[in-house]
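Chains as they are written, first to last, in the numbering used here: chain A, 1289 to 1432; chain B, 1289 to 1432.
Down below is the structure, laid out as structure tokens.
There are 2 protein chains.
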Amino acid sequence: MKIGKLARRSGLSAHTIRYYERIGLLPQPDKNTSGHRDYDVSILKWIDFLGRLKATGMPVREMLRYAALRETGDGTEAERQVILEIHREHVRARLAGLRQNLSVLDTKIAFYAAAISAGDPVKCKGTKEDDHDPERDEQRDRPL
Amino acid sequence: MKIGKLARRSGLSAHTIRYYERIGLLPQPDKNTSGHRDYDVSILKWIDFLGRLKATGMPVREMLRYAALRETGDGTEAERQVILEIHREHVRARLAGLRQNLSVLDTKIAFYAAAISAGDPVKCKGTKEDDHDPERDEQRDRPL
DNA sequence: GCTTGACTTGGAGTGCGCTCGAAGTCCCAG
DNA sequence: CTGGGACTTCGAGCGCACTCCAAGTCAAGC
């Protein structure tokens, strides 16, 4: 498979594939007599997995560590596992944070919905000052 | 409250606060006779909310739209609600994707764990070629 | 009155992850 | 044999979101 086809199949651009190869995320593929890259389909699985690492927010630097271990092959499994486990914790934390922020978003949207559907001038009025929040009775900045 | 204190309280740097003001995320604060910014505590709530938008992946450009409506004040509630509702859908989608990728991660980690704890040379051997995947019996690239 | 440190502005620099362009080579259909 | 399209390399450019620097002002404590 040449780069154009791999691009179509993987969803990456040919530019990006070459870029990934340059930085070491993708292994050097075989080249045919004209110097054209010739990929094995198995690369698609690896690209898919890279996409998942990326989608879960792993920085390229970390993917690079993982990719290097993968290149090395046997004997690096434990290290790869550790990388993945640490990353999994990051993902779990993000998930938790996202859920929390989502609920804040829900609350806020519900507030807008209530204020607007009621055409409530008082509540709508409040929306500029500090944006709705229920705990608005904050103390002023005190001299420490 | 001056910028340094706001920085400490909000967790943003003074640089970032000025930057946010420049681009329009934060309203122009009052300035004292020396030209120093003087913030009301209520800004902290807004910064907190901005942080939540950011944490949920809203691009600055979109925050800007929201911030501009908030500045305008009354009469922009419906638009703000729409922005938030659309964003909420993005967040839900991210959450779903993250959960899915997390489970892939779990599977992969479990695979490493099994292969390593068994010291299984066959399975470990497989980990370089295409990284463990169960569905390894892929057809070769066919001529379309 | 002098030092220290927090503040001001404008603009330049950074890090990440691509993304694109230029110039050239190669293969194949018509 | 010619035109078109896919490929090659190298290096520059981009968009985002900061982050920092330089040069200057100002207020308070010693």
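By construction, the Cβ of each residue, glycine as well, lies at the ideal position given by its N, Cα and C atoms.
query, result
"Tell me which residue opens and which closes the alpha helix (DSSP H) that Leu-1314/B is part of.", "Unbroken run through Leu-1314/B: none, as it is neither H nor E."
"In or out: Asn-1320/A buried (at least 16 other Cβ within 10 Å) or exposed?", "exposed"
"Which residues in chain A sit within 9 angstroms of Lys-1397/B, going by Cβ to Cβ distance?", "Note on identity: in this sequence residue 1397/B is Ile, with Lys being the wrong assignment. Within chain A, the residues near Ile-1397/B are Gln-1369, Leu-1372, Glu-1373 and Arg-1376."
"Mapping the DSSP letters down to three states, classify Asp-1362/B as helix, strand or coil.", "coil"
"With a threshold of 6 angstroms on Cβ separation, who are the neighbours of Glu-1426/A within its own chain once the five nearest residues in sequence on each side are excluded?", "A caution first: Glu-1426/A carries a pLDDT of 34, below 50, which makes its placement in the model too unreliable to give a value."
"Please list, in chain order, the residues of the stretch 1325–1357 of chain A that have any C-beta partner in chain B closer than 7 angstroms.", "Val-1329, Ser-1330, Lys-1333, Trp-1334, Phe-1337, Arg-1340, Ala-1343 and Thr-1344"
"Kindly indicate which residue of Pro-1315/A, Pro-1347/A and Lys-1290/A has the alpha-carbon position closest to the one of Ile-1371/A.", "Pro-1347/A"
"What would DSSP say about Asp-1394/A, mapped onto helix, strand or coil?", "helix"
"For a contact meaning CB atoms closer than 8 angstroms, what does Gly-1385/B contact in chain A?", "Ala-1343"
"For Asn-1320/B, decide whether its Cβ has a neighbour in chain A, counting only Cβ atoms nearer than 8 angstroms.", "no"
"Quick one: what does DSSP say Asp-1336/B is sitting in, helix, strand or coil?", "helix"
"Grab the span of the alpha helix (DSSP H) containing Ala-1322/A for me, first residue to last.", "It is Ser, not Ala, that sits at residue 1322/A in the sequence shown. Unbroken run through Ser-1322/A: none, as it is neither H nor E."
"Count the CB pairs spanning the stretch 1384–1401 of chain A and the stretch 1352–1364 of chain B that are closer than 8 angstroms, and state whether there are at least three.", "no"
"Smallest Cα separation from Ala-1401/B: which of Ser-1301/A, Leu-1390/A, Leu-1314/A and Thr-1364/A?", "Thr-1364/A"
"Against chain A, which members of the stretch 1296–1314 of chain B pass a CB distance test of less than 7 angstroms?", "none"
"Flag Ala-1381/A as yes if its beta-carbon sits less than 8 angstroms from any beta-carbon of chain B, otherwise no.", "no"
"Quick one: grab the DSSP three-state call for Gly-1299/B.", "coil"
"At the level of alpha carbons, what is the spacing between Gln-1369/B and Arg-1376/A?", "34 angstroms"
"What is the C-beta distance between Pro-1315/A and Asp-1326/A, in whole angstroms, given that I count them as a contact (C-beta under 8 angstroms)?", "The Cβ separation is near 12 angstroms, so there is no contact."
"Give the C-beta separation of Arg-1340/A and Val-1392/B to the nearest angstrom, bearing in mind that I take them to be a contact with Cβ-Cβ under 8 angstroms.", "6 angstroms"
"So, is the C-beta of Ile-1404/B closer than 8 angstroms to a C-beta in chain A?", "yes"
"Is the separation between the beta-carbon of Ile-1397/A and that of Glu-1373/B shorter than 8 angstroms?", "yes"
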